[in-house]
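J.:
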Amino acid sequence: MSNELGNRSYRAIKWLWLLLQALILPLAALHAVSPAIRWPLAGTRGIAGILPTLLLGLVGALFLIFWLIAQALLSMARFPLTLKGGALLVGGTIAQFTSLVVSGGSFTAAAYAVFFATLAALIVLAAIMAVMASRRRIGSPRARLAALLALLPAVGLAWFLATPLLPAFSRPSSWRPALDWLVLALNSGLIVFSLYRFSVFAPPPDSDAAYGREWERWAAPTIIILILSATAAIVLAGIARRA
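Given below as C-alpha cells:
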C-alpha cells in the first residue's frame, strides 16, 4: 500500500479528484441560478415570492458548508489508500458526469447532478448514523429521537435541491431518466461508503497512520482548492443572476 501512495498513478488520481471538486461547484452554481430552473414558489408576488429566494440562499449556504466539509474529509482523511479504490471513487464522479452529458444534458446540469449526489450521500449517511445510534442506545432518548426527526426536514431539503435536476433528467424515453438516477445513486453509494469509514460506527481502520500521513500531505492543496472553488461559485452565481 505504501508503494501505491507514493507512485505517480496514485498522485495523478488524487490530483484529478481535487480538480473535479474545483470544477463541479462553480458549474453547479451556474446551473442553480439559470433562468431555465423554476424553483418552487418562484415568481410568486409578496412574501410568498421572497421566501423561495431566502430559502434558496439559506439552503445554499448551509449545504455549501456541508459539501466543503464532506469533500475535505474525502480528500484529506478518507480518500482510498489504494490506486484501485481511488480510481473507483474518481470514476464514479466521471461516469455520472459523462452519462448525463452524453444523454443530452449540459455541462452545468451534469455538474449539479454530481453536486447533488454528495447531498444525497450526506442524508443517507445521517440516516444510517441516526438509526445505528438509536439501536445501540447512544445518547439520551430525546437526542436519539431528535436525530431521527431531523431526517424529515433533510428529506425536504433534498426534494428542494433536486429541483434543478428535473429538466435535465426528463427524457422522452422511459429508460434514460431511470439510468441517470441509477448512476447518481451508485455514485452517492461510493461517497457514503467512503465517508462512513470516518464515522464512530465504523470499525477502526487498520491504516490510521497512513491516513494521518495522507491528511498532512494533502491538507494544504485541498483547503486552497476548495476555498477557490467556493469563491468562484459565489462570484459566478452572483454575476449570472445580474446578467
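In the working numbering, the protein residues as written are 2 to 244. The C-beta atom is built at its ideal place from N, Cα and C for all residues, glycine as well. Predicted model, so just to flag it, every value in this text is computed and none were measured.
Flag P81 as yes when its Cβ comes closer than 8 Å to any non-hydrogen atom of the ligand ATP, and as no otherwise.
T.: Within the structure as shown, the ligand ATP is missing, as the structure has no ligands at all.
J.: Verify whether the separation of the beta carbon atoms of T109 and H32 is less than 9 Å.
T.: A Cβ-Cβ contact shorter than 9 Å links T109 with H32.
J.: Examine the Cβ distances between the stretch 69-80 and the stretch 18-37 and report whether three or more of them are shorter than 8 Å.
T.: yes
J.: Comparing C-alpha positions only, which one of L82, L26, L123 and G239 sits nearest to S10?
T.: L82
J.: Are the stretch 230-241 and the stretch 97-104 in contact at 8 Å, needing three or more beta carbon pairs?
T.: no
J.: May I ask you to report which of helix, strand or coil DSSP gives W40?
T.: coil
J.: Does the distance from the CB of A78 to the CB of Y212 come in under 9 Å?
T.: yes
J.: Can you name, in chain order, every residue of its own chain whose Cβ lies under 6 Å from the Cβ of P27, other than the five neighbours on each side?
T.: Once the five neighbours on either side are set aside, the close Cβ partners of P27 are A233, A234 and L237.
J.: Over what stretch of residues does the alpha helix (DSSP H) that includes F194 continue unbroken?
T.: W176 to Y197
J.: Just to confirm my understanding: we take A220, look at its own chain, exclude 5 residues before and 5 after, and list those with CB closer than 8 Å. What are they?
T.: M77
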